[in-house]
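Engineer: Residues 1 to 502 in the numbering used here are what the sequence shown lists, from first letter to last.
Have a look at this one.
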Amino acid sequence: MENHKRPPATLLVIFGGSGDLNYRKLTPALFNLFIDGWMPEKFEIIGIGRSEFSDDKYHAHLLDGINQFSRRKEQKDDKWQEFTQHMTYMQMDAEKDDEYKKIAELVKTKETEFGIHPIVIFYMAVAPQLVPDIAKKLGGLELCSDSKCTRIVVEKPFGHDLDSAHQLNTLLKSMFKECQIYRIDHYLGKETVQNILALRFGNALFEPIWNRNYIEFVQVTAAETVGVEGRGGYYETAGGLRDMVQNHILQLICMIAMEAPVSFDADEIRNKKVDVLNAIRKYTREEVHEHAVRGQYSEGWMMGEKTPGYRQEKSVSPDSNVDTFAAVKFYIDNWRWQNVPFYVRTGKRLHEKTTIITVQFKPAPSYAFPPEASETWRSNRLTLSIQPEMDIRLRFQAKHPGQSMILNPVDMIFNYKDAYDGNEPEAYETLLLDIMEGNATLFMRDDQVEAAWKIVMPILETWENRAPSDFPNYAPNSWGPEDAEALIARDGYNWLTLPSQH
């Protein structure tokens, strides 16, 4: 029995309807929402693309995506046919102005059919360079001036640098109000990421000690075992710092470092995140080499297989200087976090696929314990694992059984799969539902995007103007270049990982 309120009547128009994002992520997410009774009672999903598809062939194509990528593929049989009644395909050349009349006519038709003006969502599941032109053409439609009922969704990357991000923001805001623009970062839809706010602000245990008086450092690792997976052309224009740090990782830092909100209003949460981004120290070009490290993987071996180096990947320049690994030490110059280092690293072809946040507390005084206790003395540590495992671990000291006072670190673990049914929603399910409901909490505002670019621009510009002499500088199946270890070792620390899941 459903006990939740569904979103209002919705018309979801997906530009790039025949593309990979819709195939792998959007349709599986929408179908799961449908199975769980979260889709509106009245809704229509229109896939727009250049490819030729009859509705039946389009449905068969997307069903193949469900079979490969959905977490609920076994439940599809009785619901899929019902779901496809709400899903059609429109072949359209998005570069032609007069084609957009079809969309306006479709909205009018659905308004008559639904008996109510629907929420109209334009989802840009297309290459970033196509977004400005499509947005301009949509802006010419009268329905886009309706700020209550019309929304546009833009995927990352949002801009290539600060200037292009600002230009894209200016363009979008010339046709849509800020409240209509949903800049989507799928990381923010992950259950463990959302749980950071619940953990911090729903528990009296943590918030009083969540500051520079008790926390020694924070680490964020976002590691991948794969290479560029045929996306060499895109990656040549991006690199690890742009692809991961500027958006995903800085957003995670915002969740960890933000002040307590007075409410869960979308703008209140986003105001607190912007405060963090504005407080992150901006490095001069002379300071970059002290606080940032880049790397590029060589050829080698992963899991018993020979793998090419980045420069041997398809569509990659043979003398490319693009970073496939980036590590940075950030500082947040405000009252709560003054002088607490935030170490972040991300890379491809690393030893393990994992995204974890580690908060290490300052050591407790050990003077009251006998000398043998200090041999295994460890600081308290909170670790939030975002993927592939979803858990939260609190490490504390406990006495080892026996006649001697020997302390050992032990972990108290909250695991999603053990605590719940292990069938938590995918990130895109959460985010798509929020868009339909008009909840912008997990979406980046224009000032957030630009504040994040301002942080990484000095590093990007320094790297672009100073070619590395040692690329490639790390082997596949390692944890990155030696300089990344040195970056943190200078402060007396080391990079932290969880025990291997294998």
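Beta carbons are placed, not taken as given, at the ideal position from N, Cα and C, and that holds for glycine.
Keep in mind that this is a model prediction, so the values were computed, not measured.
Let's see if you can read the secondary structure: which residues bound the alpha helix (DSSP H) around Val131?
Structural biologist: Counting along the chain, the alpha helix (DSSP H) containing Val131 begins and ends at 131-139.
Engineer: Should the region 227-239 be regarded as contacting the region 360-372, the criterion being three or more beta carbon pairs within less than 8 Å?
Structural biologist: The region 227-239 vs the region 360-372: no contact.
Engineer: What beta strand (DSSP E) runs, 3 residues minimum, are completely inside the region 78-164?
Structural biologist: Runs found: 87-91, 119-124, 150-155.
Engineer: Count the other CB atoms, across all protein chains shown, that sit within 10 Å of the CB of Thr354; report buried if there are 16 or more and exposed otherwise.
Structural biologist: When all chains shown are included, Thr354 counts as buried.
Engineer: To which residues does DSSP link Ser385 through a beta bridge?
Structural biologist: Partner(s): Ile356, Asp391.
Engineer: Where in the region 424-490 do unbroken runs of the alpha helix (DSSP H), each at least 4 residues long, occur, reported from the N-terminal end onward?
Structural biologist: Listed in chain order, the complete alpha helix (DSSP H) runs (minimum 4 residues) inside the region 424-490 are 427-437, 446-465, 482-489.
Engineer: Using a threshold of 7 Å, is the CB atom of Ser164 nearer than that to any non-hydrogen atom of the ligand ADP?
Structural biologist: The ligand ADP is not part of the structure shown, which contains no ligands of any sort.
Engineer: May I have the straight-line CA-CA distance separating Ser51 from Met255, to the nearest angstrom?
Structural biologist: Approximately 41 Å, taken between the alpha carbons.
Engineer: With a threshold of 8 Å, are at least 3 pairs of Cβ atoms found where one atom belongs to the region 448-465 and the other to the region 153-168?
Structural biologist: Output reads yes: the region 153-168 touches the region 448-465.
Engineer: Can you tell me whether Gly65 is helix, strand or coil according to DSSP?
Structural biologist: Residue state, collapsed to three classes: helix.
Engineer: According to DSSP, is Ile184 helix, strand or coil?
Structural biologist: Ile184: strand per DSSP, three-state reduction.
Engineer: Pull up the distance between the alpha-carbon of Trp38 and that of Ile181, whole angstroms please.
Structural biologist: Computed Cα separation, rounded: 22 Å.
Engineer: What is the C-beta distance between Ile48 and Met92, in whole angstroms, given that I count them as a contact (C-beta under 8 Å)?
Structural biologist: Indeed they touch by this definition, with Cβ atoms about 5 Å apart.
Engineer: Which full runs of the alpha helix (DSSP H) of 4+ residues lie inside the region 168-250, going along the chain?
Structural biologist: Counting whole runs of 4 or more residues, the region 168-250 contains the alpha helix (DSSP H) stretches 191-201, 232-236.
Engineer: From what residue to what residue does the beta strand (DSSP E) around Lys306 run?
Structural biologist: 305-307 is the extent of the beta strand (DSSP E) around Lys306.
Engineer: Where does the unbroken alpha helix (DSSP H) through Glu290 begin, and where does it stop?
Structural biologist: Taken as a continuous stretch (DSSP letters only), the alpha helix (DSSP H) holding Glu290 covers 288-291.
Engineer: Within 10 angstroms of its Cβ, does Met1 collect 16 or more other Cβ (buried), or is it exposed?
Structural biologist: Confidence at Met1 is low in this model, with a pLDDT of 40, below 50, so its placement is unreliable and no value can be given for it.
Engineer: Could you tell me whether the Cβ atoms of Arg200 and Phe206 are closer together than 8 Å?
Structural biologist: Yes, the pair counts as a contact, with Cβ atoms nearer than the cut-off.
Engineer: Starting from Asp47, follow its DSSP beta bridges and name the residues at the other end.
Structural biologist: According to the sequence shown, residue 47 is Gly rather than Asp. Its beta-bridge partners are Ile14, Tyr89.
Engineer: Are the region 258-270 and the region 285-301 touching by the rule of at least three beta carbon pairs closer than 8 Å?
Structural biologist: In short, these stretches do not touch, since the Cβ pair count stays below three.
Engineer: Quick one: what's got a C-beta closer than 7 Å to Ala222's C-beta in the same chain, skipping five residues either side?
Structural biologist: Closer than 7 Å at the Cβ level, and outside the excluded window around Ala222, lie Met244, His248, Ile249, Thr346, Thr355.
Engineer: By Cβ distance below 6 Å, which residues in the same chain neighbour Pro370 in space, the five residues on each side in sequence not counted?
Structural biologist: These residues qualify, in order along the chain: Met405.
Engineer: DSSP three-state label for Val322, please.
Structural biologist: Note: Val322 maps to coil in three-state DSSP.
Engineer: Comparing C-alpha positions only, which one of Thr170, Trp479, Leu33, Arg71 sits nearest to Val449?
Structural biologist: Comparing Cα-Cα distances from Val449 to each of Thr170, Trp479, Leu33, Arg71, the minimum goes to Thr170.
Engineer: Cβ atoms of Thr192 and Leu433: under 8 Å apart, would you say?
Structural biologist: No, these two residues do not count as a Cβ contact at 8 Å.
Engineer: Can you round the beta-carbon distance between Gln219 and Leu394 to whole angstroms, since I take them to be within the 8 Å contact cut?
Structural biologist: The pair is not a contact, with the Cβ atoms about 16 Å apart (cut-off 8 Å).
Engineer: Residues in its own chain within less than 8 Å of Val262 by CB, not counting five upstream and five downstream?
Structural biologist: Contacts found: Glu268.
Engineer: Once the 5 residues before and after Gly230 are set aside, which same chain residues still bring their CB inside 7 Å of it?
Structural biologist: Excluding residues within five positions, the ones whose Cβ falls inside 7 Å are Lys314.
Engineer: Look up Ala368 in the DSSP assignment and say whether it is helix, strand or coil.
Structural biologist: If DSSP states are grouped into helix, strand and coil, Ala368 belongs with coil.
Engineer: Does the pairing of the region 170-179 with the region 466-474 give three or more beta-carbon distances under 8 Å?
Structural biologist: The answer is no - the region 466-474 does not touch the region 170-179, with fewer than three Cβ pairs under 8 Å.
Engineer: How many Å lie between Phe15 and Asp64 at the Cα?
Structural biologist: The straight-line gap from Cα to Cα measures roughly 19 Å.
Engineer: Kindly indicate which three-state DSSP category Tyr23 falls into: helix, strand or coil?
Structural biologist: DSSP places Tyr23 in helix when its eight states are reduced to three.
Engineer: Under a Cβ-count criterion, where at least 16 other Cβ atoms within 10 Å of its own Cβ denotes burial, should Pro499 be classed as buried or exposed?
Structural biologist: Pro499 should be labelled exposed.
Engineer: Could you tell me the alpha carbon to alpha carbon distance between Lys282 and Met258, rounded to whole angstroms?
Structural biologist: If you take the alpha carbons of Lys282 and Met258, they lie about 18 Å apart.
Engineer: Based on the DSSP output, what are the partners of Thr346 in its beta bridges?
Structural biologist: Note: Thr346 sits in a beta bridge opposite Ala222, Ala326.
Engineer: For the structure I just gave you, are there three or more beta carbon pairs, one from the region 141-151 and one from the region 104-120, closer than 8 Å?
Structural biologist: Short answer: they touch.
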